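As structure tokens, the structure follows; a few thoughts come after it.
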Amino acid sequence: MSNIQAKLQALSDEFTKLQQELQDAVQSRQRLEAQKQENLGVQKEFDKLKEGETIFKLIGPVLLKQDRTDAESTVSGRLEFIEKEISRLETHIKEMQGKMEKKKAEIIQVQTSAQAAGPQAVKA
Amino acid sequence: MASRGNQQQQGEAVDLTTLTAQQLSAVKKQLDGEVEHLSSSYAQLAAAQAKFKECLRVVKSGSSTFDKDKSILVPLTNSLYVKGQLADPDRVLVDVGTGFYVEKDTKSASEFYEAKIKELAGNIQGLEGIVQAKTNNLRVVEEVLRQKVLAQGSAGGAAGQAS
């Protein structure tokens, strides 16, 4: 009986660990999404840029004048990178969910077998 | 986000009465968390919109208040100022995000802020709908949970008497 209990304990520990990992992954996914939105906003602003409007980039405490093409390529480079990170995280999250499903099935299996063994143990 | 909410709604509509009190309270806890999260997002959006509105107000009043011959005090530290004059009160630097600034004239700057405010208003409205739907869900779950607990209590009392 205590054997099964120990097993269950270990399984549920693993499960909570996976849960924590998944939560972390989802959080970074959210952060990336926020960054993506911000960069998209900047890109949109650059597209709407009018004649005689200049772009500055904040580097540390100073504003430096920047070429429009330079700034646009910086932003699109960032977006590309973020896009890649997002798809990487997506697959990671999917994997994690699969792992969690498996763990859950394992836990349920152990639980039902424990329940089946339980009445017998009481009878004995 | 909205589609996921709808899915959940449908799922709950089927399940709600068949769930045990324990499961219901788990659902309630989850919904509580969601409502809290969404409300805080809502507050953040509202704060951001207020900030943009303030910017718009300043930019719009800007060209008249920062008259060319009026002098201003420029803070060097928080207790040391120098006198200054705006060389070009019609041009402002607008923070467009991620460390990029764009030099615009006041007209185009107010257009920028107006667009931002409008965009945020759309977001806020959408979020408002979601928060309302979630709160409704929460109320329904709470109601069913209350009934469950009451029914359980009377059933438990009856069982206790019977034995």
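These protein sequences, in sequence, are chains S and W. When you read off a place in the first sequence, starting at 1, and then add 15, the result is the number in the numbering used here. When you read off a place in the second sequence, starting at 1, and then add 2, the result is the number in the numbering used here. We treat Cβ as the ideally placed atom computed from N, Cα and C, and that holds for glycine. Just so we're clear, the structure is a prediction, and the values are computed from it rather than from any experiment.
A Cβ-Cβ separation of about 5 Å places residue 92 of chain W in contact with residue 107 of chain W under the 8 Å criterion. Boundaries of the alpha helix (DSSP H) around residue 59 of chain S: 17-62. With respect to chain W, the C-beta atom of residue 77 of chain S has no partner C-beta closer than 9 Å. Of the other Cβ atoms in all chains shown, 16 or more fall within 10 Å of the Cβ of residue 143 of chain W; this residue is therefore buried. In this structure residue 73 of chain W is exposed. Its beta-carbon is surrounded by fewer than 16 other beta-carbon atoms within 10 angstroms. When beta bridges are read from the DSSP output, residue 133 of chain W appears opposite no residue. By the rule that beta-carbons nearer than 9 Å mark a contact, residue 127 of chain S does not touch chain W.
Along the stretch 99-113 of chain W, the positions whose C-beta sits under 7 Å from a C-beta of chain S are 99, 100, 101, 102, 103, 104, 105, 106, 110, read in chain order. A residue is called buried when at least 16 other Cβ atoms come within 10 angstroms of its Cβ; residue 60 of chain S meets this threshold and is buried.
Around residue 114 of chain S, the same chain offers 33 as residues with beta carbons nearer than 7 Å, after the five sequence neighbours per side are excluded. Residues of the stretch 82-103 of chain S with a Cβ closer than 7 Å to any Cβ of chain W, in chain order: 86. At a cut-off of 9 Å between beta carbons, residue 152 of chain W makes no contact with chain S.
Membership of residue 77 of chain W in the beta strand (DSSP E) is indicated by the continuous run 73-79.
Around the CB of residue 70 of chain S, 16 or more other CB atoms lie within 10 Å, so the residue is classed as buried. Selection W:84, W:117, W:81 evaluated against residue 98 of chain W yields W:117 as nearest (Cα-Cα).
The beta carbon of residue 103 of chain W sits closer than 7 Å to the beta carbons of 95, 96, 97 from its chain, once the five residues preceding and following it are set aside; these are given in chain order. The contact set of residue 95 of chain W on chain S, defined by CB atoms closer than 9 Å, consists of 71, 78 in chain order. At least one C-beta of chain W is nearer than 9 Å to the C-beta of residue 53 of chain S.
Check the Cα spacing between residue 102 of chain S and each of S:48, S:78, S:122, S:57: the tightest is with S:48.
For residue 100 of chain S, the CB contacts under 8 Å within the same chain, skipping 5 residues up- and downstream, are 47 in chain order. When secondary structure is reduced to three states using DSSP, residue 35 of chain W falls in the helix class. With a minimum length of 3 residues, the unbroken runs of beta strand (DSSP E) contained wholly in the stretch 86-144 of chain W fall at 93-99, 102-107. Contact between residue 112 of chain W and residue 151 of chain W fails: their C-beta atoms lie close to 56 Å from each other, not under 8 Å. Taking 9 Å as the cut-off, the beta carbon of residue 57 of chain S is found no closer than this to the beta carbon of residue 19 of chain W. Residue contact with chain W for residue 64 of chain S: present (Cβ-Cβ distance below 9 Å to some residue of chain W).
Membership of residue 80 of chain S in the beta strand (DSSP E) is indicated by the continuous run 77-81. By the Cβ test, the stretch 81-92 of chain S is not in contact with the stretch 122-131 of chain S, since fewer than three Cβ pairs between them sit closer than 8 Å. Taking one beta carbon from each stretch, the stretch 25-32 of chain W and the stretch 125-138 of chain W have fewer than 3 pairs nearer than 8 Å; the two do not touch. Distances from the CA of residue 121 of chain W to each of W:85, W:52, W:38 were compared; the closest alpha carbon is that of W:52.
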